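Q: I am attaching a structure below and will ask some questions about it afterwards.
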Amino acid sequence: MKIMTLEQSIAIQPTLTPQTSLQEISRYDRRYMPRWPMESKVYYRIKGVPVIFKTRLRDLNPAGAALRVSSDVHPAQRLELKIYLPDNTSFETEGDVMWKRGCRCFHAGVLFDCLPQETQEHIVNCAYSSYEALFWMEDEAQQRRS
């Protein structure tokens with residue numbers, strides 16, 4: 131199996147996938163939880179394709195994620211993913227590409243298959259811990275300035 135970085139895959143000619151209506155876009159944005167910005171490492175593969183891509187998350191929640199993708203990824207495709215979290219743990223899942231945006235740098239939204247409750251809770255805890263550390267650092271920096 132060949133592993134290709136996202137930068138190597140950019141050489142493929144980009145194509146845009148227009149949405150058929152604004153109503154279709156809003157359907158994909160109905161999330162029961164917000165997505166938290168998270169720049170973690172991700173490996174993904176289009177189901178049935180033997181090439182694995184290494185990329186970065188853009189954001190994450192227990193139901194889905196947005197990540198940088200190659201121009202080969204299109205809505206309605208199935209992806210196999212291995213996502214690394216900030217605490218150096220990882221989980222594997224599959225999901226459907228719901229949308230893709232971009233011209234030279236593409237991002238796609240992926241709706242996960244049902245993740246185990248334990249994995250969902252771990253994602254929430256990692257997001258909370260990341261934000262807690264960020265607020266603590268900002269508060270400490272503000273106190274130094276005072």
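Residue numbers (the numbering used here): 131 to 276.
Beta carbons are placed, not taken as given, at the ideal position from N, Cα and C, and that holds for glycine.
Treat the numbers as computed from the prediction; the structure is a model and nothing was measured.
1. What does the alpha-carbon distance come out to for the pair P246 and R275?
2. Between H204 and K230, is the Cβ-Cβ spacing less than 8 Å?
3. Give the DSSP-derived three-state secondary structure of T249 in the structure shown.
4. Who are the Cβ neighbours of S170 in its own chain at under 8 Å, not counting the five residues just before and after it?
5. Helix, strand or coil: how does DSSP classify E255 here?
6. List the DSSP bridge partners of L197.
7. Determine the direct distance from the alpha carbon of P164 to that of S220, and round the result to whole angstroms.
A: So, from the listed chains and residues:
1. Looking at the two C-alpha atoms, the distance is approximately 44 Å.
2. At the C-beta level, H204 and K230 come within 8 Å of one another.
3. Residue state, collapsed to three classes: helix.
4. The residues are R186, L187, L190, I213, Y214, L215, P216.
5. The question names Glu, but residue 255 in the sequence shown is Asn. If DSSP states are grouped into helix, strand and coil, N255 belongs with the helices.
6. The secondary-structure analysis by DSSP pairs L197 across a beta bridge with L187, A238.
7. Roughly 20 Å between the two C-alpha positions.
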